[in-house]
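Those protein sequences? They're chains D and V, same order as listed. Residue numbering for the first sequence follows this note's numbering, beginning at 5 and increasing consecutively. Residue numbering for the second sequence follows this note's numbering, beginning at 105 and increasing consecutively. Have a look at the structure below before the remarks.
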Amino acid sequence: MLMDTPDETLASAAAGGDGAAFAVLVRRHYDRIHGLAWRLSGNRADAEDLAQDICAALPVKLAHWRGEARFTTWLYRVVMNAAHDLRRRQAVRARAGQGWGDWEIARQDEIAAERAAQDWLTTAMARLSPELRDTVALVLGEELTQAEAGAVLGLSEGTIAWRMSEVKKRLRAMAAEEAR
Amino acid sequence: MTPEDDDPLARLQAALKSAPAPEAAAKAAALRLAEENFARLQGSRQPARPISDRPKRTGFLMGVTDMLKALTGKPLLAATTSAAALCLGLVVILPLADHLPLPGRGPGEGRVVEPAAPPVPETATPVLKTAPAPVAEVAGQASAPEPAKPRAGGDQPREKAVADAGATGAGADGARLALPEGALTEEAPAMDMAAEAPLARDEAAPEMELAAPAPAPQASAKRRAVAAAAPTSAAESFAMAEPVVAPQIPLSGTETYANAPANPVKVTAEEPVSTFSIDVDTASYAVVRSSLDAGMLPDPASVRVEEMINYFPYAYPAPEGDAAFRPTITVMPTPWNPGTRLVHIGIQGALPAIAERPPLNLVFLVDTSGSMMDSNKLPLLKQSLALMLPQLRPEDQVAIVAYAGSAGEVLAPTPAGERAKILAALDGLEAGGSTAGAEGIALAYQVARGMSAKGEVSRVLLATDGDFNVGIDDPEALKTYIAGQRKSGVYLSVLGFGRGNLDDATMQALAQNGNGTASYIDTLTEARKVLVDQLSGALFPIADNVKIQIEWNPAEVAEYRLIGYETRALRREDFNNDKVDAGDIGAGTSVTAIYEVTAPGSAAIKNSPLRYGTGEAAAPAAQDAGELGFLRLRSVAPGASTSTLQETPILPETEAPGEDARFAVAIAGFGQLLTGATYLGDWGWDQAIALAVSARGEDPYGYRAEAVTLMRLAQSLSAR
Numbered sequence: 005m006l007m008d009t010p011d012e013t014l015a016s017a018a019a020g021g022d023g024a025a026f027a028v029l030v031r032r033h034y035d036r037i038h039g040l041a042w043r044l045s046g047n048r049a050d051a052e053d054l055a056q057d058i059c060a061a062l063p064v065k066l067a068h069w070r071g072e073a074r075f076t077t078w079l080y081r082v083v084m085n086a087a088h089d090l091r092r093r094q095a096v097r098a099r100a101g102q103g104w105g106d107w108e109i110a111r112q113d114e115i116a117a118e119r120a121a122q123d124w125l126t127t128a129m130a131r132l133s134p135e136l137r138d139t140v141a142l143v144l145g146e147e148l149t150q151a152e153a154g155a156v157l158g159l160s161e162g163t164i165a166w167r168m169s170e171v172k173k174r175l176r177a178m179a180a181e182e183a184r
Numbered sequence: 105m106t107p108e109d110d111d112p113l114a115r116l117q118a119a120l121k122s123a124p125a126p127e128a129a130a131k132a133a134a135l136r137l138a139e140e141n142f143a144r145l146q147g148s149r150q151p152a153r154p155i156s157d158r159p160k161r162t163g164f165l166m167g168v169t170d171m172l173k174a175l176t177g178k179p180l181l182a183a184t185t186s187a188a189a190l191c192l193g194l195v196v197i198l199p200l201a202d203h204l205p206l207p208g209r210g211p212g213e214g215r216v217v218e219p220a221a222p223p224v225p226e227t228a229t230p231v232l233k234t235a236p237a238p239v240a241e242v243a244g245q246a247s248a249p250e251p252a253k254p255r256a257g258g259d260q261p262r263e264k265a266v267a268d269a270g271a272t273g274a275g276a277d278g279a280r281l282a283l284p285e286g287a288l289t290e291e292a293p294a295m296d297m298a299a300e301a302p303l304a305r306d307e308a309a310p311e312m313e314l315a316a317p318a319p320a321p322q323a324s325a326k327r328r329a330v331a332a333a334a335p336t337s338a339a340e341s342f343a344m345a346e347p348v349v350a351p352q353i354p355l356s357g358t359e360t361y362a363n364a365p366a367n368p369v370k371v372t373a374e375e376p377v378s379t380f381s382i383d384v385d386t387a388s389y390a391v392v393r394s395s396l397d398a399g400m401l402p403d404p405a406s407v408r409v410e411e412m413i414n415y416f417p418y419a420y421p422a423p424e425g426d427a428a429f430r431p432t433i434t435v436m437p438t439p440w441n442p443g444t445r446l447v448h449i450g451i452q453g454a455l456p457a458i459a460e461r462p463p464l465n466l467v468f469l470v471d472t473s474g475s476m477m478d479s480n481k482l483p484l485l486k487q488s489l490a491l492m493l494p495q496l497r498p499e500d501q502v503a504i505v506a507y508a509g510s511a512g513e514v515l516a517p518t519p520a521g522e523r524a525k526i527l528a529a530l531d532g533l534e535a536g537g538s539t540a541g542a543e544g545i546a547l548a549y550q551v552a553r554g555m556s557a558k559g560e561v562s563r564v565l566l567a568t569d570g571d572f573n574v575g576i577d578d579p580e581a582l583k584t585y586i587a588g589q590r591k592s593g594v595y596l597s598v599l600g601f602g603r604g605n606l607d608d609a610t611m612q613a614l615a616q617n618g619n620g621t622a623s624y625i626d627t628l629t630e631a632r633k634v635l636v637d638q639l640s641g642a643l644f645p646i647a648d649n650v651k652i653q654i655e656w657n658p659a660e661v662a663e664y665r666l667i668g669y670e671t672r673a674l675r676r677e678d679f680n681n682d683k684v685d686a687g688d689i690g691a692g693t694s695v696t697a698i699y700e701v702t703a704p705g706s707a708a709i710k711n712s713p714l715r716y717g718t719g720e721a722a723a724p725a726a727q728d729a730g731e732l733g734f735l736r737l738r739s740v741a742p743g744a745s746t747s748t749l750q751e752t753p754i755l756p757e758t759e760a761p762g763e764d765a766r767f768a769v770a771i772a773g774f775g776q777l778l779t780g781a782t783y784l785g786d787w788g789w790d791q792a793i794a795l796a797v798s799a800r801g802e803d804p805y806g807y808r809a810e811a812v813t814l815m816r817l818a819q820s821l822s823a824r
């Protein structure tokens with residue numbers, strides 16, 4: 005019966021301490037979390053780490069659930085913030101690693117390997133600023149409407165529309181370069 | 105050619121949708137961890153929930169709104185003095201957090217749950233910014249992250265972190281401040297952002313100090329060298345360094361304009377008095393120009409006729425003696441309607457001797473949100489401000505406050521003579537992040553108040569693309585705050601940049617309530633006009649709260665219509681109420697208003713007489729023969745609290761209209777043609793252009809020639 009219960013009801017129950025509801029909820033949404041994490045981070049290892057971090061923190065986060073947004077919107081926001089934290093940590097790490105040649109070389113190798121694997125997508129996403137990547141991940145990857153994506157990111161719908169047109173512009177520029 | 109090539113988004117979407125399936129083992133581990141943590145939380149949750157009034161999810165906006173409301177309160181207003189110190193506190197804290205050990209990456213070790221620090225309610229932001237914190241308390245804040253430090257190391261027992269972070273309010277604050285390092289944050293974007301921005305800056309230039317020149321990473325070293333080596337010519341080279349690309353025009357529906365339906369024709373017998381606030385904004389003209397230049401007719405909602413008229417300098421007779429301004433009234437035949445006349449009212453502000461101008465304190469409040477990235481936004485803004493610097497005098501002071509991307513006081517009050525330092529600080533501004541305009545405004549006002557001494561003019565110059573996207577959506581709340589600040593004597597002007605996000609409505613609301621002007625800057629030329637040629641007018645007020653009231657004489661005027669000023673209408677009783685705010689006139693600026701009036705008995709009367717109306721009301725006693733109406737002007741001298749009244753009768757026989765008046769009428773026609781031309785009859789683009797061309801006059805800066813070009817462009821576009 006729990007399997008048919010709406011997310012929001014489950015979340016409220018879980019926030020109240022219902023372990024069964026929590027288990028159903030997190031099972032139902034793990035793939036979603038993982039998917040968005042992959043779209044935001046662009047690689048599998050980070051996506052899995054992120055998803056695990058989020059799952060681990062979800063009980064605490066859920067305690068703040070007040071049912072004022074759709075559960076998925078709320079969840080996307082959690083994932084988004086986690087991904088931002090990860091980016092920030094990586095930036096710090098990249099700086100810390102500058103003195104360690106080996107570490108940096110290893111990282112470059114890793115990047116090269118991934119680029120070969122994902123190629124076009126990686127290049128395309130690398131072209132976009134982090135803000136545009138977030139937007140694209142939500143609008144194209146998760147197929148949210150611009151209004152929903154705005155709700156997740158805390159931005160106006162207009163900003164999302166502007167960002168999407170910006171993405172289009174950059175992709176066109178990239179296509180033009182490829183054609184050359 | 106595949107369909108994917110057609111739509112680059114489709115290809116990206118397809119690629120994004122091909123997310124790899126999560127690995128089963130990782131999934132199982134994550135789910136197990138989630139459930140374990142859930143079970144553990146049930147045991148420890150009671151003490152970890154001290155904050156019962158957690159704000160609603162929409163609470164961030166609410167929080168800022170509340171903050172703004174709270175800020176207008178007297179004690180808190182005084183207390184904002186500590187905000188700068190607190191920002192410094194943040195900067196001190198974050199490098200510490202940066203160098204903490206990184207959390208482990210293996211599945212077992214680093215997987216510590218975020219400490220169950222109760223989220224600081226969003227209202228913590230205002231508290232942080234406004235709490236009357238003496239220096240000692242600031243120090244306390246700065247040390248707050250210490251308890252949270254071990255947890256970021258990744259091997260502390262979770263309960264310990266909970267205890268540390270959850271124990272006291274200060275502990276909770278500390279945990280939030282340390283967040284950029286370790287935790288998953290889900291709430292309180294304001295806090296997050298405030299913490300994030302200095303961090304980003306720290307990464308860009310680790311040794312950089314707040315007030316020190318901040319070299320922008322993307323700026324070429326060569327250019328910086330020039331700026332440092334030759335301060336005098338630096339402004340020019342800086343300003344010319346980056347060409348401005350053609351303006352981009354947004355998707356429809358992403359901009360907000362302040363507008364109201366066109367003023368209707370009013371019957372003098374029913375409503376003899378017309379009251380409005382003068383307006384020296386020019387933003388609308390620049391928006392119209394940027395649309396036309398991009399090959400599109402402007403959105404009619406973006407056209408405010410009075411702003412288009414007031415964009416142009418007119419040489420009306422200057423006031424004599426001590427008067428702050430002088431009205432010049434011209435009555436002329438209406439070009440578009442033989443049955444009516446136009447009453448052209450030009451008000452010229454006095455130009456006090458420039459040499460005697462008081463020292464000026466300028467606070468540039470710069471929006472560095474992500475949307476400001478475009479070349480016609482932040483880079484143009486930097487060039488514009490650099491252009492303006494040589495106009496300032498050594499005794500003037502400049503400070504820079506940024507919000508969003510790089511938040512806080514970027515440049516402490518600096519004498520305008522230290523140009524290289526100011527330019528370096530400007531250059532260091534970078535776009536990124538989202539916008540919390542409200543906090544920035546509070547800080548800018550506080551800096552401005554700190555700078556003002558007696559007899560000096562302080563002004564906040566807000567430069568933004570208008571998108572206060574996570575700050576405040578509601579122009580009303582910002583208006584309330586700015587209206588409160590107005591009393592402190594600090595003026596606010598708004599410079600709008602770029603298209604796509606442009607929130608004209610908010611810009612206008614802010615400038616009107618901050619006793620300032622709103623200008624829209626789309627090109628470096630426009631920046632020159634606003635910030636160089638007309639600097640004295642833009643920055644030095646000579647009269648505040650200027651209101652115009654005209655009482656029409658029903659014996660001579662049966663109907664009248666005010667062209668433009670729809671968003672500036674005042675109630676009749678507001679005219680004598682000094683508490684009601686109105687527009688301000690800067691030194692040497694002029695303001696123009698045009699009425700179209702219809703004489704009784706004219707065939708051009710639009711409104712039929714009322715069958716049951718009061719026919720005899722049309723002839724009140726003691727009409728001064730021949731007067732069309734009576735003009736009353738009310739204004740408040742800067743710093744004064746009560747208004748003075750100037751009165752002038754409007755006589756039917758005036759001097760023949762000069763080039764200025766005729767050009768203003770041509771622009772009024774231009775504006776009306778762009779907004780539907782309800783009252784223009786057959787009068788069209790050809791006639792408007794001919795009139796403008798014939799009234800071009802001397803036009804030393806070429807503004808009028810440009811307007812004619814735009815009218816031709818609009819004609820071609822509307823013929824499509």
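For every residue, glycine included, the Cβ atom is placed at its ideal position computed from N, Cα and C.
In terms of Cα proximity to V:Glu-140, the closest of D:Gln-56, D:Arg-167, D:Ala-49 is D:Gln-56.
By the rule that beta-carbons nearer than 7 Å mark a contact, D:His-38 touches chain V. For the pair V:Ile-698 and V:Glu-763, the Cα-to-Cα distance works out to about 15 Å. Interface residue (Cβ-Cβ distance to chain D less than 7 Å): V:Pro-483 is not classified as such.
Counted as a single uninterrupted DSSP element, the beta strand (DSSP E) harbouring V:His-448 occupies residues 441-453. V:Ala-546 is positioned such that its CB atom lies no closer than 7 Å to that of V:Ser-562. Taken through DSSP and simplified to helix, strand or coil, V:Leu-464 comes out as strand. Residues of chain D with a Cβ closer than 8 Å to the Cβ of V:Ser-475 are, in chain order, Thr-163, Trp-166. Counting the other Cβ atoms within 10 Å of the Cβ of V:Asp-786 gives fewer than 16, which makes it exposed. Of all residues in the stretch 6-34 of chain D, only Ala-18, Gly-21, Gly-23, Phe-26, Ala-27, Val-30, Arg-31, Tyr-34 place a beta-carbon less than 9 Å from a beta-carbon of chain V. Burial of V:Asn-367 is indicated by the presence of at least 16 other C-beta atoms within 10 angstroms of its C-beta. At a cut-off of 7 Å between beta carbons, V:Leu-533 makes no contact with chain D. Within its own chain, the residues whose Cβ lies closer than 8 Å to the Cβ of V:Gln-791, once the five positions on either side in sequence are excluded, are Pro-439, Trp-440, Gly-773, listed in chain order. Secondary structure of V:Arg-665 (DSSP, three-state): strand. For D:Arg-167, the uninterrupted alpha helix (DSSP H) run begins and ends at 161-183, by DSSP. Below 8 Å, enough C-beta pairs join the stretch 112-129 of chain V and the stretch 139-154 of chain D to call them touching: three or more. Around the Cβ of V:Ala-622, a 10 Å sphere holds 16 or more other Cβ atoms; the residue is buried. Listed along chain V are Leu-113, Leu-116, Gln-117, Leu-120, each with a C-beta nearer than 7 Å to that of D:Leu-144. CA-to-CA, the gap between D:Leu-144 and V:Ala-118 works out to about 8 Å. Across the stretch 125-143 of chain V, CB contacts with chain D closer than 7 Å involve Pro-126, Glu-127, Ala-130, Lys-131, Ala-133, Ala-134, Leu-135, Leu-137, Ala-138, Glu-139, Asn-141, Phe-142, Ala-143, in sequence order along the chain. Secondary structure of D:Ile-37 (DSSP, three-state): helix.
Spatial neighbours of D:Phe-26 in its own chain (CB-CB distance under 6 Å, excluding positions within 5 residues in sequence) are listed in chain order as Ala-18.
Counting C-beta pairs closer than 8 Å gives three or more between the stretch 582-602 of chain V and the stretch 470-480 of chain V, which meets the contact rule. DSSP, reduced to helix, strand and coil, places V:Arg-430 within a strand of the structure shown. The beta carbon of V:Ala-123 sits closer than 7 Å to some beta carbon of chain D. Of all C-beta pairs linking the stretch 685-704 of chain V to the stretch 653-665 of chain V, three or more are shorter than 8 Å, placing the two stretches in contact.
V:Val-564 is not a Cβ neighbour of V:Leu-496, given a cutoff of 7 Å. Shown here, V:Glu-751 sits in a strand according to DSSP, grouped into three states.
Relative to V:Asp-383, the option among V:Lys-121, V:Val-409, V:Pro-404 whose CA is nearest is V:Val-409.
Inter-residue distance for V:Lys-583 and V:Ser-739 is about 21 Å (C-alpha atoms, whole angstroms).
Bridge pairing for V:Trp-656: V:Gly-733 [DSSP]. Neighbours of V:Gln-146 in chain D, taken as residues whose beta carbon is under 9 Å from its own, are Gly-21, Gly-23, Pro-63 in chain order. D:Tyr-80 sits in a helix when the DSSP states are folded into three classes. Membership of V:Asp-688 in any alpha helix (DSSP H) is not indicated; the residue belongs instead to the beta strand (DSSP E) covering 687-690. Just so you know, the alpha carbons of V:Thr-629 and V:Pro-442 end up roughly 38 Å apart. Taking a beta-carbon distance threshold of 7 Å, D:Glu-52 counts as an interface residue toward chain V.
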